[in-house]
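In this text, residue positions in the sequence shown follow the working numbering: the first is 106, and each later residue adds one. C-beta atoms are modelled at their ideal positions from N, C-alpha and C, and glycine is treated no differently. Here's the structure we're looking at; comments come further down.
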Amino acid sequence: MESRTEPAEREPDITVRPPLVRELLLVVGLFLVYKFGRQLANGHTGEAFDNAHGVWDAERALRLPGEGAVQDALLSSDTLIHVANTYYATVHFPATLLFLVWLYLRRPRHYVWTRRVLAALTAAALVLHLGFPLAPPRMLDAAHLVDTAQVYGPSVYAAKPATDTMANQFAAMPSLHFGWALMVAVGMIVATSSRWRWLWLLHPLLTLLVVVGTANHYWLDAIAAAVLLGIALAVIRLPRPGRSPVVRRSAPAPELITSGAGR
């Protein structure tokens, strides 16, 4: 007797959602490791400014557009610069968190993939922050840029890096503001099918203009983040969707077919 297999009604994604408590502990733990790990780079002031001069000279050699052009556009309006500072201070973490929550609830398979990619990107960024301390362009005299957050507000950093106990201001490369925003866009484009999903690219684009225009990052900081994200995406593949149950059906015996036909 021969048998054959026929797939039951297909489901788009039957991946089991990871336990909520475990995921909360994991995400919070990764965040704390990164947050406190960055503090290890504090105090490398001389090295951070030497690296800043090197990055600035490299951008000029590569003929990248000056960061000042973006800042001048923002400074043309008090409203624009205040919105940019507010965007920098308030959008980064909440947007990424909401993105992860939505994926967890609606696209568990994409959530697992995204969490892995973000963890890899953040870990690589931490290594670079520790090995390559970098003063942001707002601190570099050669850049002739305004520290817009300190002048116009709001600011998430202390006026003097040495007194800042909440953040490492010498961790400019890569820009995780841009890297995470780019992953949010990539994740939403992959996880959804709407014809409008490509508009999610506006998020990293706006983030790029904000981090550069507020003099918190160089162009190369964003490029470095994009390269690291590209490597992470190449290595960490989206898990295949869970397969639907298989229904096994037995083919009718040949003798039964023959006897039935002779009646």
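Backbone secondary structure at Ala277 - three-state DSSP
coil
Considering only C-alpha positions, which residue in the set Leu233, Val206, Gly236 is nearest to Val126?
Val206
Rounded to whole angstroms, what's the CA-CA distance from Ser63 to Gly292? Just pull it up for me.
Outside the displayed span of the chain (106 to 368) sits residue 63, for which this structure offers no information.
Hey, out of Gly134, Asn321, Pro346, whose CA is closest to Ala224's CA?
Out of Gly134, Asn321, Pro346, Gly134 has the C-alpha closest to the C-alpha of Ala224.
Let me confirm a value: Thr227 is counted as buried when at least 16 other C-beta atoms fall within 10 Å, else exposed. Which label applies?
buried
Report the rounded CA-to-CA distance for Ala290 versus Asn156, giving the unit in angstroms.
30 Å
In chain order, what residues of the same chain lie with their CB nearer than 8 Å to the CB of Gly173, ignoring the 5 residues before and after it?
Ala248, His249, Leu250
Output the distance between the C-alpha atoms of Val73 and Ala254, rounded to the nearest integer angstrom.
Within the shown structure, residues of the chain are numbered from 106 to 368, placing residue 73 beyond reach of any answer.
What do you reckon, are the CB atoms on Thr319 and Tyr193 nearer than 8 Å?
yes
With a CB to CB cut of under 6 Å and the five nearest residues on each side skipped, what residues in its chain are close to Leu179?
Taken in chain order, the residues that qualify are Leu185, Ile186, Ala189, Gly318.
How many Å lie between Arg342 and Pro259 at the Cα?
Going by the C-alpha atoms only, they are around 39 Å apart.
Does the beta-carbon distance from Ile294 to Arg300 come in below 8 Å?
no
Return the residue from the list Phe283, Gly159, Ala200, Tyr216 that minimises the CA-CA distance to Leu333.
Phe283
For Leu239, which beta-bridge partners are listed by DSSP?
BP columns for Leu239 point to Ala276.
So is Leu281 buried or exposed if we call it buried at 16+ other beta carbons inside 10 Å?
Sixteen is the threshold: when 16 or more other Cβ atoms of the shown chains lie within 10 Å of the Cβ of Leu281, as they do, the residue is buried.
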